[in-house]
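Q: Handing you this structure, nothing more for now.
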Amino acid sequence: AAGVIQSPRHLIKEKRETATLKCYPIPRHDTVYWYQQGPGQDPQFLISFYEKMQSDKGSIPDRFSAQQFSDYHSELNMSSLELGDSALYFCASSFLVGVNTEAFFGQGTRLTVV
Amino acid sequence: GQQVMQIPQYQHVQEGEDFTTYCNSSTTLSNIQWYKQRPGGHPVFLIQLVKSGEVKKQKRLTFQFGEAKKNSSLHITATQTTDVGTYFCAGLGGSQGNLIFGKGTKLSVKP
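Each protein sequence line maps, in turn, to chains H and X.
-9 is the number of the first residue of the first sequence in the working numbering; add one for each residue after it.
735 is the number of the first residue of the second sequence in the working numbering; add one for each residue after it.
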């Protein structure tokens, strides 16, 4: 079965550079979530989309933005990168309502800012 | 905003001992989900609880959802080394589509 695909798997950027992370949700899922997970930390909710519209924002810095496109893939854009942005970034997709709303996570993108 | 608190943060047990992690939300939840994350891996869905007072079992794992739909617990009977990992609860609140994770309980099992 198709899973959530994230790319790239690893990314190394310098401070003040820009990064773009991509997520391809499971087909027909209507909700996409983005999370940031620091070492030994819990996943911190950044932003979510329902049917291509932003549905909620969490602790997402103003330097970050995200969107979901007509083909349902989503991109997280990160500008003016800081050392503290180094983390594992997960994308997850799910159905928002219904019997099964479990989130399926991608493998994550490990971003290292140097 | 909505918060999901989870305790304990760490739990070290001897193989064969039981383990419990507790989750509490500041708001009533539509449902609560439990995930397991192995070191270096991504969170993997375990189970979802929807109904008030619901109890579900998966082999040695027992999940409970509180009557007020604000708290939940995961109990593992007779832990095994394969149970090692971090267990997260995650609450789906309201209609805004935000799945909020607790801080997780990191379980280590000594053989």
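Glycine included, every Cβ here is placed at the ideal spot set by N, Cα and C.
Computed from a prediction, not measured in an experiment: that's the story for all the values here.
1. Please check if any C-beta of chain H sits within less than 7 Å of the C-beta of X/Gln767.
2. Please state whether DSSP places H/Asp46 in a helix, a strand or coil.
3. Within this structure, are the beta carbons of X/Val843 and X/Val778 separated by less than 7 Å?
4. Does any residue of chain H bring its CB to less than 7 Å from the CB of X/Phe799?
5. Can you check which of these residues, X/Ser807, X/Gly800, X/Asp817, X/Thr815, is closest to X/Thr762 by C-alpha distance?
6. If we define contact as Cβ-Cβ less than 7 Å, is H/Ser38 a contact residue for chain X?
7. Does the distance from the CB of X/Leu795 to the CB of X/Ile810 come in under 7 Å?
8. Does the beta carbon of H/Glu92 sit closer than 7 Å to a beta carbon anywhere in chain X?
9. Can you find a C-beta in chain X that's less than 7 Å from the C-beta of H/Gly28?
10. Between the alpha carbons of H/Val22 and H/Glu7, how many angstroms are there, rounded?
11. For H/Phe35, decide whether its Cβ has a neighbour in chain X, counting only Cβ atoms nearer than 7 Å.
12. Does DSSP put X/Thr811 in a helix, a strand or coil?
A: Let me lay it out:
1. Interface residue, yes.
2. In the displayed model, H/Asp46 falls within a strand according to three-state DSSP.
3. Contact: no.
4. Answer no: the Cβ-Cβ gap between X/Phe799 and chain H never drops below 7 Å.
5. Out of X/Ser807, X/Gly800, X/Asp817, X/Thr815, the CA that lies nearest to the CA of X/Thr762 is found in X/Gly800.
6. Closer than 7 Å: yes.
7. Cβ distance < 7 Å, so X/Leu795 and X/Ile810 count as in contact.
8. Cβ-Cβ to chain X under 7 Å: yes for H/Glu92.
9. It does not; no Cβ of chain X falls within 7 Å.
10. H/Val22 and H/Glu7: Cα-Cα distance of roughly 25 Å.
11. Chain X, which has a Cβ nearer than 7 Å to the Cβ of H/Phe35, makes this yes.
12. If DSSP states are grouped into helix, strand and coil, X/Thr811 belongs with coil.
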